[in-house]
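Trainee: Protein chains in written order, with our numbering: chain X, 8 to 450; chain S, 163 to 321. Ideal Cβ placement from N, Cα and C applies to all residues, glycine included.
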Ligand SMILES: Cc1cc2nc3c(=O)[nH]c(=O)nc-3n(C[C@H](O)[C@H](O)[C@H](O)COP(=O)(O)O)c2cc1C
Ligand code: SF4
Ligand code: FES
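This is how it looks when you write it as C-alpha cells:
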C-alpha cells in the first residue's frame with residue numbers, strides 16, 4: 008500500500024494547528040486567496056468534479072447540494088455545520104475540531120463563498136465543551152486576521168460565524184431536527200421536502216454539511232478536483248477518517264484512502280481483536296449499520312461495497328465485536344439507545360423501539376420463546392421505511408441483522424435463560440417449602 | 163434590565179431570531195442555579211426572550227443536559243453505550259455505584275456528586291469515557307474509580 012497523504016488530519020500530529028500561526032505555516036488559509044479569484048460557480052464545479060460526498064452519513068454529493076442553493080433568494084441564506092456527532096462509535100469530528108479547527112473554518116468560508124452565504128452556524132453537541140472552547144478561540148483568531156466578519160480580506164464578501172451548542176439529543180444530528188433545535192424549538196425532524204437547501208433555517212435556503220465534508224474543501228481548491236478524484240475507488244473518492252472502536256488492540260481515528268480493504272483498517276491499522284480472539288461481527292458505519300461478518304473483511308471500504316453487502320458506510324465508524332461477546336446484551340443496549348433517542352413523533356419508531364427493548368429484556372430474563380424472535384423480526388420490518396426520519400430504521404437494521412446472522416445464538420440464549428430461570432424458581436420454591444417446614448416446627 | 167437579561171440579549175443578537183437564544187439562555191440559567199432548572203429559572207429565560215416559562219420548560223425537557231431536578235455539586239457521567247460497553251463500561255459504572263453508595267441517576271446524600279449513565283460521548287476510541295462536569299477522562303477502568311472519587315472529594319471546597 009503506498010503511503011497515504013492525509014488531507015484532513017495532515018500535519019495535525021506534529022503541529023499545534025489550533026494556533027492560527029502554525030496553521031498558516033503549513034499552508035492554512037492560503038486557499039482563500041485562490042478561491043477569491045474564482046467565480047462561485049467555478050468553486051461548485053470543482054467540488055462537483057471531485058465527487059466529494061458528504062461525510063455525515065448519507066454520502067450526498069457536496070457540490071450538488073451547494074448548487075441547489077438558489078442564487079436569487081429573497082430570504083437570507085445560511086450555512087449550518089453539523090457537528091452534532093452522536094452516532095455511537097463515531098468520534099472523528101471531535102478530533103478534527105480539537106486538532107484542526109481552522110481547517111473547518113477555511114472550508115466553511117469556501118463553501119459560503121460558493122453558495123453566496125453570509126451567515127453560518129456550527130451546531131456542536133453540548134458534551135463537546137472542550138472542542139467548542141477551541142472553536143471559539145480559533146474563531147476569535149480568524150476574526151482578528153480578517154478571515155471572517157465583514158469584507159473578508161478586503162473582498163465584497165461578509166461571513167458571520169456562530170458556535171451553537173446542543174444539549175444532549177442524538178436526533179439533533181438529523182439535519183431538519185438540527186434546524187428546529189437551532190430555531191429554539193424541541194429537536195423534532197421535519198417532513199421533507201422541502202429540503203433545507205430550499206427551505207431551511209427560518210425558512211431561508213440552508214446548506215448543511217458535516218464537519219469532515221467541509222474540511223476537505225480547501226485541499227480540493229488547492230490541488231484540484233482531479234487530484235482528489237484520483238484517490239479512492241469509483242464514486243467513493245478521497246480519504247475518510249475512520250473511527251475504529253470496540254474489541255481492537257489499537258482503537259482510534261485513522262485517515263484512510265477510501266477503497267482499501269476493511270481488513271487493512273481493522274487488522275492493519277487497529278491491530279485486530281485481542282490475541283486469541285476472532286471477529287464475530289463488525290459495524291462498518293456506526294451503530295446504525297447492519298453488522299457484517301468475517302467473510303466481508305476483504306471488501307473494499309467504500310460506500311458502494313458496504314451497501315452491496317447489505318450494510319452502509321454511514322459515518323465511517325467501525326465497531327468490532329469479538330467472539331467473546333454475547334449478542335443479546337449488545338442488541339439490548341443498542342435498542343435502549345434508540346428508544347431513549349426517539350423523538351416520539353412517529354408511532355412505529357416510538358412503539359417499535361420500546362417493543363424491541365422489552366422483547367430483548369424478556370429473552371435475557373428467560374421469559375421468551377423462539378416465537379418472540381419471529382415477532383421481533385416483524386417489528387423491525389414494520390419500522391423500516393415507515394417513519395419521518397431514519398432513526399427507527401437505525402435500530403431496526405442492526406438489530407434485524409444480528410437476528411438474521413446469529414439466529415442460533417439468540418435461540419440458545421432464550422433456552423439457557425429459561426432454564427436458568429426455572430432452576431431459580433425451583434430453588435425459591437424449595438426454599439419456601441423448607442421455610443414453612445421450619446415454621447411448622449418439629450412434629 | 164437584569165444582568166441575566168442583558169447577557170441573553172447579547173447572545174440573541176447573534177441569531178436571525180431571538181428564539182434561537184433559548185438554548186444558550188437555558189444553559190446560562192442552569193449555571194446560575196446550582197446546575198439545575200427550578201421554576202424561576204424558566205421565568206427568567208422566558209422574560210429575557212419574550213417566551214412563556216412553559217414553552218421554555220417544554221424545550222428544556224427535550225434535552226438530556228438540562229436538569230429539571232436538583233443535581234450534586236459535581237456531575238459524573240459514565241458512558242455505557244456499546245463501544246465502551248464492549249470494553250468494560252458496565253464494570254466502571256458498578257464501581258462508581260458501589261463506591262458512592264448510589265445508583266445511576268442518584269445523588270450522594272451530602273449533595274456532592276450525581277452519578278449518571280449516559281449515551282455515547284464520542285470518545286469510543288478511549289473506553290471507558292467518564293465525563294466529570296463535561297470534562298472527559300479517557301480509558302477509565304473499574305480499578306481507577308476509587309482514585310477518581312478521592313480526587314473529586316478532595317477538590318470539594320469544604321471537604
Ligand atoms: C438520526 C440521524 C442522526 C444524524 N446525525 C448526524 C450527525 O451527528 N452528524 C452529521 O454530520 N450528520 C448526521 N446525520 C445526517 C444529516 O441528516 C445530514 O445528512 C448531514 O449532516 C449532511 O451533511 P453531509 O452531506 O456533509 O454529510 C444524521 C442523520 C440522522 C437520520
Ligand atoms: S423516526 Fe423516530 S426519531 Fe425520527 S421523527 Fe419519527 S419518532 Fe422521531
Ligand atoms: S460508546 Fe462510549 S464514548 Fe462512544
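Is there at least one non-hydrogen atom of ligand 2 closer than 6 Å to the beta-carbon of residue 178(X)?
Mentor: Yes, the beta carbon of residue 178(X) sits closer than 6 Å to at least one heavy atom of ligand 2.
Trainee: For residue 137(X), which residues in chain S fall below 9 Å Cβ to Cβ?
Mentor: Near residue 137(X) (Cβ distances below 9 Å), the residues of chain S are 296, 297 and 298.
Trainee: What in chain S is Cβ-close to residue 347(X), meaning under 9 Å?
Mentor: The answer, in chain order, is 226 and 281.
Trainee: Which complete beta strand (DSSP E) runs does the region 169-256 of chain S hold, if anything under 3 residues is left out?
Mentor: Runs found: 236-241.
Trainee: Taking Cβ-Cβ distances below 7 Å as the criterion, which residues of the region 96-110 of chain X are in contact with chain S?
Mentor: Cβ contacts with chain S: 96, 97, 98 and 101.
Trainee: So residue 191(S) and residue 207(S) are supposed to be a Cβ contact under 8 Å. How far apart are they, rounded?
Mentor: Contact holds; Cβ gap of about 5 Å.
Trainee: Count the other C-beta atoms from every protein chain shown that fall within 10 angstroms of the C-beta of residue 223(X), then say buried if there are 16 or more, exposed otherwise.
Mentor: Residue 223(X) comes out buried.
Trainee: Say yes only if the C-beta of residue 196(X) is nearer than 6 Å to one or more non-hydrogen atoms of ligand 2, and no if none qualify.
Mentor: Yes.
Trainee: Taking the alpha carbon of residue 125(X) as the point to measure from, which residue in 85(X), 260(X), 110(X) and 402(X) has its own alpha carbon closest?
Mentor: With distances taken between Cα atoms, residue 125(X) lies closest to 85(X).
Trainee: Do residue 204(X) and residue 196(X) come within 7 Å of each other at the CB atom, strictly closer than that value?
Mentor: No, these two residues do not count as a Cβ contact at 7 Å.
Trainee: Between residue 279(S) and residue 308(S), is the Cβ-Cβ spacing less than 7 Å?
Mentor: Contact: no.
Trainee: Go ahead and pull the three-state DSSP assignment for residue 295(S).
Mentor: Residue 295(S): coil per DSSP, three-state reduction.
Trainee: With H, G and I counted as helix, E and B as strand and the rest as coil, what does DSSP make of residue 321(S)?
Mentor: Here residue 321(S) scores only 44 on pLDDT, less than 50, and its place in the model should not be relied on; the value that follows carries that caveat. It is coil, neither helix nor strand.
Trainee: Quick check: is the beta carbon of residue 209(S) nearer than 7 Å to any beta carbon in chain X?
Mentor: False, the Cβ-Cβ gap to chain X never drops below 7 Å.
Trainee: Give the single residue among 227(X), 301(X), 399(X) and 91(X) whose Cα lies nearest to the Cα of residue 359(X).
Mentor: It is 399(X) whose Cα lies nearest to the Cα of residue 359(X).
Trainee: Return the chain-ordered ranges of every beta strand (DSSP E) run that is complete within the region 247-301 of chain X and spans a minimum of 3 residues.
Mentor: 259-264 and 286-290, all fully within the region 247-301 of chain X.
Trainee: Taking Cβ-Cβ distances shorter than 8 Å, what residues in chain X pair up with residue 285(S)?
Mentor: What residue 285(S) touches in chain X: 98 and 101.
Trainee: Could you tell me the boundaries of the beta strand (DSSP E) in which residue 217(X) lies?
Mentor: That run of the beta strand (DSSP E) goes 213-217.
Trainee: Return the residue from the list 28(X), 342(X) and 422(X) that minimises the CA-CA distance to residue 145(X).
Mentor: The residue with the shortest Cα to Cα distance from residue 145(X) is 28(X).
Trainee: With the cut-off set at 7 Å, would you say residue 239(X) and residue 245(X) are in Cβ contact?
Mentor: Cβ atoms of residue 239(X) and residue 245(X): closer than 7 Å.
Trainee: Would the beta-carbon of residue 426(X) be found less than 6 Å away from any heavy atom of ligand 1?
Mentor: Checking every heavy atom of ligand 1 against the Cβ of residue 426(X), none is found closer than 6 Å.
Trainee: Considering only residues of the same chain and omitting the five flanking positions on each side of residue 517(X), which have a CB-CB separation below 6 Å?
Mentor: Not covered by the structure: residue 517(X). The range shown for chain X is 8 to 450.
Trainee: Would you say the beta carbon of residue 285(S) is closer than 6 Å to some non-hydrogen atom of ligand 3?
Mentor: Indeed, a heavy atom of ligand 3 lies less than 6 Å from the Cβ.
Trainee: Taking only three categories from DSSP, how would you classify residue 177(X)?
Mentor: Residue state, collapsed to three classes: helix.
Trainee: With C-beta atoms as the reference, is residue 326(X) less than 7 Å away from residue 96(X)?
Mentor: Yes, they are a contact pair.
Trainee: When you compare each of 130(X), 228(X) and 135(X) to residue 190(X) by their alpha carbons, which one comes out closest?
Mentor: Looking at the Cα atoms, 130(X) is the closest of the given residues.
Trainee: Examine ligand 1 and report whether any of its heavy atoms sits within less than 6 Å of the Cβ of residue 308(S).
Mentor: Not under cutoff, so the answer is no.
Trainee: Are any of the Cβ atoms in chain S nearer than 7 Å to that of residue 150(X)?
Mentor: It does not; no Cβ of chain S falls within 7 Å.
Trainee: Judging by CA-CA distance, which residue of 285(X), 89(X), 292(X) and 168(X) is the nearest neighbour of residue 404(X)?
Mentor: Of the listed residues, the one whose Cα sits closest to residue 404(X) is 292(X).
Trainee: Less than 7 Å between CB atoms is the rule here; does residue 244(S) satisfy it with respect to chain X?
Mentor: At least one chain X Cβ lies under 7 Å of residue 244(S).
Trainee: Please specify which runs of the alpha helix (DSSP H), each continuous and at least 4 residues long, are wholly inside the region 32-111 of chain X, giving them in chain order.
Mentor: Qualifying alpha helix (DSSP H) stretches, in chain order: 37-44, 47-57, 69-75 and 99-106.
Trainee: Using a Cβ-Cβ distance cut-off of 7 Å, determine whether residue 176(S) contacts chain X.
Mentor: Chain X, which has a Cβ nearer than 7 Å to the Cβ of residue 176(S), makes this yes.
Trainee: Whole angstroms are fine: how far does the CA of residue 248(X) sit from the CA of residue 160(X)?
Mentor: Computed Cα separation, rounded: 31 Å.
Trainee: Excluding sequence positions up to five away, which residues of its chain have a Cβ less than 6 Å from the Cβ of residue 338(X)?
Mentor: These residues qualify, in order along the chain: 367, 406 and 409.
Trainee: To which residues of the same chain is residue 416(X) closer than 7 Å at the C-beta, ignoring the five residues directly before and after it?
Mentor: Same-chain partners within the cutoff: 334.
Trainee: Are there three or more Cβ pairs, one per stretch, closer than 8 Å when the region 42-58 of chain X is compared with the region 197-207 of chain S?
Mentor: At 8 Å Cβ cutoff, the stretches do not touch.
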